[in-house]
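To keep things clear, I will list the structure first and then write my remarks on it.
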Amino acid sequence: MNAAALREKGLAYLIVGPFALVLAFPFYVMVITAFKNGTEFYDSTATPYWFKHGPTWENVRFLFHNTPYTTWLKNTAIIGIAVVGITLVLAVPAGYALARLAGRVGQSLGVGIFLTYLVPPTLLFLPLYWVINTLHQQDTLLSLILVYPSFTVPFSTWLLMGFFKTIPQELEDAAQIDGASRLKTLVRVVFPISLPGILTVVIFSFSLVLNEFVYAFTFISSTGHRTLSTGVYTDLIRGDLPQWGAIMVAALIPSIPLALLYNAFLDRFIAGFTGGAFR
Amino acid sequence: MADTDDVSARHGRYDRRELLRRAGVGAVSIGVAGSGFGHAFYGPLRFKGRWLKGDLSIIQWAHFVPAYDVWFDKTWCVNWGQKNDVQVKVDHILNTLLPARMAAESAAGSGHDLFFNLSPPAQFEDRVIDHAEIVQEVTRKLGKIGIVAKGATYNPRTKKWFAFSDNYVPDPVVWRHDIWNATGLSPNTWDNVRKAAPKLKASGHPLGIGQSAELDSNMALMSFLMCFGAYVQDAQHRVTIKNKRTVEAVKFMADIYKKGETDEIFGWDPSGNNNFLYSGRGSMILNAISATRTPEDKKLPFADQLYISPIPRGPVTRRGFEHVMGCYTIWKFSPNKAAAKKFLADLEINYKQAFVASKFYNFPSWPGAYPFSQIKKVAGQDPHKPHGKYQVLTVIAQKYTVNPGWPGHSNAAFDEMFNKFLIPKMFAQVSQGKMSAADAVSAANHDISAIYSKWRKAGKI
Amino acid sequence: MRAAVEAVAQARPRGRRWTDILERPVFLASVLISPAVIFIGALVAAPLGLAVWLSFTNATAGSLSGKYVGLHNFRTEWSNPQFKDAVWHTFLFTVFSQVVVLLVAGLLAHALLKDFRGKWLLRFLILLPWAAPLPLSLMGWKWIFDPSYSILDWTLVHLHISGPLTAPHFLATAKWAMASVIAVHAWRIIPFAVVIFLAGLASIPREVDDAAAIDGATGFRKFASVTLPLQLPIATVALLFGIVFTATDMAVVYILTQGGPPPSFSTEMVTTWSYKTGVESGSLGPGAAISLALLPVLAVVSIGMLLFAKRTEVT
Chain H
7 MNAAALREKG LAYLIVGPFA LVLAFPFYVM VITAFKNGTE FYDSTATPYW
57 FKHGPTWENV RFLFHNTPYT TWLKNTAIIG IAVVGITLVL AVPAGYALAR
107 LAGRVGQSLG VGIFLTYLVP PTLLFLPLYW VINTLHQQDT LLSLILVYPS
157 FTVPFSTWLL MGFFKTIPQE LEDAAQIDGA SRLKTLVRVV FPISLPGILT
207 VVIFSFSLVL NEFVYAFTFI SSTGHRTLST GVYTDLIRGD LPQWGAIMVA
257 ALIPSIPLAL LYNAFLDRFI AGFTGGAFR
Chain U
958 MADTDDVSAR HGRYDRRELL RRAGVGAVSI GVAGSGFGHA FYGPLRFKGR
1008 WLKGDLSIIQ WAHFVPAYDV WFDKTWCVNW GQKNDVQVKV DHILNTLLPA
1058 RMAAESAAGS GHDLFFNLSP PAQFEDRVID HAEIVQEVTR KLGKIGIVAK
1108 GATYNPRTKK WFAFSDNYVP DPVVWRHDIW NATGLSPNTW DNVRKAAPKL
1158 KASGHPLGIG QSAELDSNMA LMSFLMCFGA YVQDAQHRVT IKNKRTVEAV
1208 KFMADIYKKG ETDEIFGWDP SGNNNFLYSG RGSMILNAIS ATRTPEDKKL
1258 PFADQLYISP IPRGPVTRRG FEHVMGCYTI WKFSPNKAAA KKFLADLEIN
1308 YKQAFVASKF YNFPSWPGAY PFSQIKKVAG QDPHKPHGKY QVLTVIAQKY
1358 TVNPGWPGHS NAAFDEMFNK FLIPKMFAQV SQGKMSAADA VSAANHDISA
1408 IYSKWRKAGK I
Chain A
262 MRAAVEAVAQ ARPRGRRWTD ILERPVFLAS VLISPAVIFI GALVAAPLGL
312 AVWLSFTNAT AGSLSGKYVG LHNFRTEWSN PQFKDAVWHT FLFTVFSQVV
362 VLLVAGLLAH ALLKDFRGKW LLRFLILLPW AAPLPLSLMG WKWIFDPSYS
412 ILDWTLVHLH ISGPLTAPHF LATAKWAMAS VIAVHAWRII PFAVVIFLAG
462 LASIPREVDD AAAIDGATGF RKFASVTLPL QLPIATVALL FGIVFTATDM
512 AVVYILTQGG PPPSFSTEMV TTWSYKTGVE SGSLGPGAAI SLALLPVLAV
562 VSIGMLLFAK RTEVT
């Protein structure tokens, strides 16, 4: 290895190392807090960086025994998967059409779809709840499954459009010359190479679902139908004194596997964004 | 405000008797089948207490004293439901999200039969029934409604009871006796507080009267204004904030801040002052008794040193707002209004149980539900030190507590002024030296007047 | 290229099957786009229309009906200093957090292209903020900033950088509060931007790199004349989503500061101000007007950026 390469590597560590530590710092605090003894929270002589009385499973136990945490996980998973499914069904064709086929009208529709994404849910939840009520879906998981695509679809459509543009047109032309219809080309040729891109959309949509809370709070009122975020806010914040330890556990449990998953797919993400091997 | 409790109590491992024992009131019977319960309300019985039917859905906050929720969900509602042949379902929600949820239900025209709020929801007056009927029924049983509840839930302009208040929570001063001892003073007057401020801060234990964008600060500062004879509105609901006394009060508080507090008082959320006290740094806050119950439950080393007193006396008077105000409303579109009405009346008539279950947090809106003399006796049996410390709550409730908006009634304009934190803003302008006291009061007067004229135009005040 | 495809399509014998209609690009395009448009339209159009209508009424407290008052709400808010402040804060919040995001994410993405030991772990750490459900990770931040138990203050005090009574209170002073929400927001967007940047960088064809090397372009000059222009479209996408995430965000600001410390309310954004007015205070009409105030601005910015992204596409 030559000196220049070494220097480059060193530089990479110097840049990535500190930022990674800063970005992950809150998670360190969360891990420590998650296993802290109850009384240590109010003890200003205890170091926040470590344990004074040793780690405890008390908070984990509390979360699983005293709250319907597993139900919230399940609800979140159900909503996430359903929303991702709907998003794909709607966004993949739309993204492709925007990238390859649409004329002026199609483009304006595409922009129109994007613009709906700009409306803040701050107040939109009021008229939307009226719609949910008209559909008799108050306090159901379905209400969220219906509403969430309103922001995952615009996001995914535009992401996918960028992606489809990177697939060489030649591939499709070749297929069509071989006598395949456009639709067939789409299903047999385009979608398979787009898998990485679709994966990207899956994961981004899923994390958008995890982050949403205005609709989740206002549409769902019973504990058994709550999602992760809203359940934690209602059952673990008693009045104004949060159960810090259990909240941190609740935050870490979905975060770590998801980050692992994102990381494992990151190389495919990159391929996804760049259109695979044909660049 | 706040709080928790130990794990077991929160999750219903204690049965009713255990709860009672803990609260030190074993002698009080809380059988739901109390006398006269079955025909408490709503005309002659058709089928011996079985004339109601269907479902009753209730949404309310997750109580700061979790034991209350255990009692409410598992004991009270279950028994009431059996007795009245009604399926009762209770949903709990984080208190800060109540307004959003209430607005959503109102927008959709569908929701829970009973909606519970922590402050008088005057803005929803047109969307809810007139609760007069329930008020009359309870009054017939228990005598006059307390002035706090009346001021909070009755709109004299439209002559409508826009909510039914079941309880209110007194707002005492919670202070560290050991720390104050060194100053030779006690927080019984605001003058003393100011005198002690520099000494307390020097000893590493500043005062904690919030000037933040949150409920506790709002309540504390408006109560402080009243002690100086300054009010946001008068009995006719005209804005009266702009006067000499307000200016004096604002200056006084700025002085307390400079001498005895740090800038953290501007950045609190509702639990900010609680944490400040629990961390052992704070020497005094204004908060409901959850601020002493938590240290008791967590066995914090200074729990026994936490004293409770009425709000300090000001140059004009001694007077404070309640801390929070429990207000139930029944929507015009509620499917089961009849059951909702009877539920509320029965709850209030039997409020003694609720008071005990809340560990003295919730005071009944009708004093007749549990006379102060009896409350005092029960509070005296609380085992926590100093003994009898909770007895003073009755004095606070009887003599020094008024409704938000006093001397007028609670109304939508007052509520908007409250939710936009204009009072903390006025105080903070001066405390941080950004404006003179006179200018800050004028600015507040300008903003508040605009809000009042908007709601007056809407015909609600 | 398009012409060639069309030519091929045209050349084939027509009229054999009804499905041939699907071969017409415009028709196929509408078939493919319309489900998305119909779904979103059905769901969002009506509520959005209602929200627009409400902004012209004096509706109160979630009643979804009110008297038409014309532009009154807009005019009142326009002259309201609190609204102006909210717009200004939103602008600051958006611009500063996006600058931080672009700089940090750009740097990280460049560095992450290299191969080095431990990259997997570091990348995992960088991705964590994006994987955590926001409302929950915000509770983590709330704990970190807690005025009484802040780990940051604890550290400062124990390093003797500040005294116990003078430690900064991050959510309690105007500037610190704004800096805190910007930092937290940047923290959560950075991983997302890193991923998009990585994709953009990886998409630069090898040949371009090689050509630049032959021309003797290295270091900054290569970055400025080759890498940067090629990355523009993807950076535009990252920036566009970043701006939208930020300008319409309510979670970070509301959960951490409830609008910021009095008297300045330095983190009161358009979203929180609209929520306070329309939902918490029951003035639904004015609240709706406030929430719509940003829409035209965002729309113009977005359309501009989308056009820009299209124009600069590397093909």
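Chains as they are written, first to last, in our numbering: chain H, 7 to 285; chain U, 958 to 1418; chain A, 262 to 576.
We put the beta carbon where it would ideally sit given N, CA and C, even for glycine.
Model, not experiment: these values are computed from the prediction.
- Within the model, the alpha-carbon separation for R336 (chain A) versus F344 (chain A) is close to 11 angstroms.
- By the C-beta criterion, the segment 1188-1207 of chain U is judged not to be in contact with the segment 1253-1266 of chain U, since fewer than 3 inter-stretch pairs fall below 8 angstroms.
- Annotation for S1180 (chain U): the continuous alpha helix (DSSP H) segment containing it runs 1172-1184.
- Nearest Cα to T518 (chain A) within the set A:H446, A:L459, A:G367, A:A306: A:H446.
- Going by beta carbons, F131 (chain H) and T206 (chain H) fall outside the 7 angstroms limit.
- Per DSSP, reduced to three states, the secondary structure at P155 (chain H) is helical.
- Cβ proximity to chain A below 8 angstroms picks out L152, V153, P155, S156, V159, P160 from the segment 147-160 of chain H.
- Listed in chain order, the positions of the segment 1229-1258 of chain U with a beta carbon within less than 7 angstroms of a beta carbon of chain A are G1229, N1232, F1233, S1236, R1238.
- Per DSSP, G401 (chain A) is one residue of the alpha helix (DSSP H) stretching across 395-406.
- Closest in C-alpha terms to H1341 (chain U), from the list U:G1100, U:S1315, U:T1249, comes U:T1249.
- Shown here, H1049 (chain U) sits in a strand according to DSSP, grouped into three states.
- Of all C-beta pairs linking the segment 1357-1377 of chain U to the segment 1402-1412 of chain U, three or more are shorter than 8 angstroms, placing the two stretches in contact.
- Per DSSP, the unbroken beta strand (DSSP E) holding W1132 (chain U) starts and ends at 1130-1133.
- Closest option to H1194 (chain U), judged by alpha-carbon separation, among U:A1385, U:M1374, U:E1218: U:M1374.
- Contact of E14 (chain H) with chain A by beta-carbon distance below 7 angstroms involves K375.
- In the DSSP assignment, L1071 (chain U) falls within the beta strand (DSSP E) that extends over 1071-1074.
- The secondary-structure analysis by DSSP pairs S1122 (chain U) across a beta bridge with U:C1284.
- Secondary structure note for Q1017 (chain U): its beta strand (DSSP E) is the uninterrupted segment 1012-1018.
- Judged by DSSP in its simplified three-state form, I173 (chain H) adopts coil rather than helix or strand.
- Within the model, the alpha-carbon separation for H231 (chain H) versus F120 (chain H) is close to 30 angstroms.
- In the three-state reduction of the DSSP assignment, S1266 (chain U) falls in the strand class.
- Chain order gives no chain A residues near Y221 (chain H), where near means a beta carbon separation below 7 angstroms; the closest approach is about 11 angstroms.
- Secondary structure at T140 (chain H): helix, using DSSP grouped into helix, strand and coil.
- DSSP places I1380 (chain U) in no beta strand (DSSP E) but in the uninterrupted alpha helix (DSSP H) bounded by 1379-1388.
- Rounded to whole angstroms, K1046 (chain U) and A222 (chain H) show a C-alpha spacing of 20 angstroms.
- Within chain H, the residues T128, L129 have their CB atoms less than 8 angstroms from the CB of Y536 (chain A), given in chain order.
- For R244 (chain H), the pairing in a beta bridge is given by DSSP as H:L247.
- W1018 (chain U) and H1049 (chain U) do touch by the CB rule: their CB atoms are close to 7 angstroms apart, below 8 angstroms.
- Taking each of A:H421, A:F506, A:S291, A:T321 in turn and checking the Cα distance to P126 (chain H), the smallest one comes out for A:F506.
- By the Cβ neighbour-count rule, Q182 (chain H) is buried, with 16 or more other Cβ atoms within 10 Å of its own.
- Among the bridge pairs identified by DSSP, Y1111 (chain U) is matched with U:W1118.
- About 16 angstroms separates the CB atoms of A257 (chain H) and P452 (chain A); that is not less than 8 angstroms, and the two are not in contact.
- Pairwise C-beta distances place the segment 510-525 of chain A out of contact with the segment 371-380 of chain A, as fewer than three of them are shorter than 8 angstroms.
- Taking a C-beta distance under 7 angstroms as the contact criterion, T1140 (chain U) and K1156 (chain U) qualify as a contact pair.
- What T1219 (chain U) touches in chain A, judged by beta-carbon distance under 8 angstroms, is L426, T427, H430, going in chain order.
- Boundaries of the beta strand (DSSP E) harbouring M1241 (chain U): 1241-1243, taken from the DSSP string.
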